[in-house]
Amino acid sequence: MITDKGQKVKQIYSDLNRKFEEEETKDKAKEQSIAYMNLYGFPADTQILNLLPREMAESYECIIFSKDGKHVKLGSVKLGDHLKPVLKHLTGQNLEVELFLISKSSFEHFLDNYNRLVSKRQVDNSIKLMSSDSRLTVASIKKLSNQLSDLSASDIIEILVGTAFNINASDIHLEPGRDEFKVRFRVDGILQDVTSLNIKSYPQLVSRIKIMSKVKLNVTNVTQDGSFSLQFNGQPADIRTSVLPSAFGESIVMRLLRQDQSSMQFEELGIRGLAKERILESLQKSNGMILSTGPTGSGKTTTLYAILNKLIKPGVKIITLEDPVEYKIEGITQTPIDPRSGMTFGSALQGILRQDPDIVMVGEMRDLETAETAMQAALTGHVVLSTLHTNDAAAAIPRLLDIGVRGFVLAPALSVVIAQRLVRRLCTFCKQQTALPANLQSRVETILQAIPKKSKVDLPKKLIFYHSPGCEKCHGLGYSGRTGIYEVLVVNEGIQKLINDSATSLDIKKQAVVDGMLTKAQDGLLKALEGITDVEEVFRVTEE
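The sequence shown begins at 1 in the UniProt record's numbering and counts up one residue at a time.
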């Protein structure tokens, strides 16, 4: 206990001395009319350090801490003619130098980043040795955990983002604790632990991410959202950042937006049979609304993008309203909304209808103003696409009626409702047939036997299912990638009558099934019979 107390007292004295030294250096800078910088907590970029050899930095007590294009910022403990060799070295590289006064302690602290240059090379070499195709994997990160803590913030970000892209992760979670911070990836909708790193490297990592994301570095008590872009394997990638205050520091989630998702074709979605036929029929019309429903992360936006790709052609004008614009698509006009400046879905929709579009996509039906304007557009010669948060297709109709849309407007405006979930695909390398427990087999048979005759589905005489135990190719998970399971409700005369009668979602669903609609569970189990996914996965996402 005495030792702990002594260490705390020593730390307090050290902090006070450092604070006094920084104040003294700041006053000196003011006297000499030169800029001052405190490098404690400033995120280091090892690539910038390479511009000035360590020997020169130590000899002249100066260091480069920032670079923007050809402009570099050089911090020095002392100013004077002795810096001429350093300035000559930098200007010889066609660099413009801005001088800053820094404290001796600040310099020594930042100088330690040169040690990470060696660590970075060691990590790079280790990665090449561990992976024959030079691709980073979760396994390689786990093996390198001790070395990763010694890298600069920029290098850690580079490795984490590179790995996330390689394994098709959708999100990177950084969660600080008392002594460590946890790194987790969301892969195929499931959050997985990747590694834990020393908390000492976390403040610089947070600072670097906040700078890249263009959010306020000095604000730590409120949530902030930002974004940045980078190149990965020669392809542009956008990353959306969310920063949240927590007990041990700021928690960060980085969402990876792959541009290849915006190019997904309708045929790749996994919508088949009668459901596919009915959607394609509705796309031939020159008006009407198509809704995609489901919870967050169920693939609604991807479905709408795939439909848009189907509709892009000469002679057609397409405008979207998105919050934010996630994927950029050639051939359409994409408009980001900004509620803070008064540009909501509702107000912006009225504006874009004056732009003479043929097809409009509204990111989400959030309120009556948006819904009514969209319905009127669907009735007056526009194809309108949008999303809604409901558990199934039938529930979308009472939901719209509840927010105030009138039945006599909704019934003729709405064409199709697509409800969906995402299931993980079985790994094709370790997939094998499996027998279901008796109770599960009985449950599956009951659901499949309820498939309506009008759906045109022929069940095999023998039901064979599959599972994947996990292998090296799928990182032991048994799954790789995802596909959708759907229920597609077509608004025909029978459904229109129910809408005008303000029927319940249960009555609407019963009528849709009579008309040939497959439920999500039925569509999922049919995909399980084909070995695309397994029964457990279907029930995981459809049980509500």
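We put the CB at the ideal spot given by N, CA and C, even for glycine.
Which of helix, strand or coil DSSP assigns to residue i
i, result
"R540", "helix"
"K216", "coil"
"V118", "Below a pLDDT of 50, predicted positions are generally treated as unreliable, and V118, at 46, falls in that range; the measurement from the model is reported next regardless. V118: helix per DSSP, three-state reduction."
"D81", "helix"
"Y327", "coil"
"I508", "helix"
"H89", "helix"
"Y202", "helix"
"I532", "coil"
"Y40", "coil"
"F345", "helix"
"G494", "helix"
"G470", "coil"
"T223", "coil"
"R18", "helix"
"K527", "helix"
"residue 559", "This structure cannot speak to residue 559, because the chain is shown only from 1 to 544."
"L257", "strand"
Alpha-carbon to alpha-carbon, residue j and residue i
i, j, result
"K128", "L410", "The predicted position of K128 is uncertain, since its pLDDT is 39 and thus under 50; a value taken from the coordinates is nonetheless stated next. Those two C-alpha atoms are separated by around 59 Å."
"V423", "Q432", "18 Å"
"P398", "L321", "24 Å"
"Y114", "S468", "46 Å"
"A57", "Y305", "52 Å"
"K104", "F20", "12 Å"
"N168", "I403", "37 Å"
"S132", "E158", "With a pLDDT of 33 at S132, under the threshold of 50, the predicted position of this residue should be treated as unreliable, and no value is reported."
"L257", "C430", "29 Å"
"L400", "A371", "8 Å"
"P280", "V222", "As written in the sequence, residue 280 is Leu, which differs from the Pro given in the question. Taking the straight line joining both Cα atoms gives about 46 Å."
"S152", "R240", "21 Å"
"V118", "E31", "Because V118 sits at a pLDDT of 46, beneath the cut-off of 50, its placement in the model cannot be relied upon, and the point is left open."
"G531", "I418", "23 Å"
"I172", "S282", "38 Å"
"S347", "L368", "12 Å"
"D534", "A450", "19 Å"
"G481", "R340", "36 Å"
"Q122", "L426", "Summary for Q122: the model assigns pLDDT 46, below 50, so the residue's position carries little reliability; its value from the coordinates is reported in the next sentence. Taking the straight line joining both Cα atoms gives about 36 Å."
"S126", "D188", "Confidence in S126 is poor, its pLDDT being 41 and thus under 50, which makes the residue's placement too unreliable to answer from."
Per DSSP, the bridge partner or partners of residue i
i, result
"C62", "S76"
"G249", "S246"
"E487", "A419"
"P236", "Q231"
"E321", "Correcting the residue identity first, residue 321 is Leu in this sequence and not Glu. In DSSP, L321 forms a bridge with T335, V362."
"F100", "A35, G75"
"G288", "V383"
"T293", "L388, A419"
"D193", "R184"
"R482", "R424"
"K67", "V72"
"L148", "In the DSSP output, where bridge partners are listed per residue, L148 has none listed."
"T241", "G226, M254"
Beta-carbon proximity of residue i to residue j, cut-off 8 Å
i, j, result
"residue 550", "L291", "This structure gives no information on residue 550, because the portion of the chain shown stretches from 1 to 544."
"L90", "L51", "yes"
"T504", "T390", "no"
"E22", "N38", "yes"
"S415", "G288", "yes"
"K210", "V243", "yes"
"I352", "I332", "no"
"V97", "L111", "no"
"L522", "L448", "Per the sequence presented here, residue 522 reads as Gln, with Leu not at that position. For Q522 and L448, yes; Cβs fall inside 8 Å."
"L529", "I464", "yes"
"E326", "D392", "no"
"G363", "D323", "yes"
Element boundaries [beta strand (DSSP E), containing residue i]
i, result
"P336", "333 to 336"
"H173", "169 to 176"
"M361", "359 to 362"
"K461", "Premise fails: K461 is in no beta strand (DSSP E) and is neither H nor E."
"V183", "180 to 187"
"T434", "432 to 434"
The ligand COA heavy atom lying under 7 Å from the CB of residue i
i, result
"S282", "No copy of the ligand COA occurs in the structure displayed, which carries no ligand at all."
Continuous alpha helix (DSSP H) stretch holding residue i: start and end
i, result
"S502", "Taken as a continuous stretch (DSSP letters only), S502 belongs to no alpha helix (DSSP H), as it is neither H nor E."
"E268", "Here E268 belongs to no alpha helix (DSSP H), and DSSP marks it neither H nor E."
"T519", "Careful: T519 lies outside any alpha helix (DSSP H) and carries neither H nor E."
"G407", "407 to 413"
"N309", "300 to 311"
"K449", "Here residue 449 turns out to be Gln, not Lys, going by the sequence shown. Q449 -> alpha helix (DSSP H) spans 438 to 449."
"G476", "Neither: G476 is in no alpha helix (DSSP H) and is coded neither H nor E."
"R399", "396 to 402"
CB contact check: residue i to chain C, cutoff 8 Å
i, result
"F185", "No chain C appears in the structure shown, which is made up of a single protein chain."
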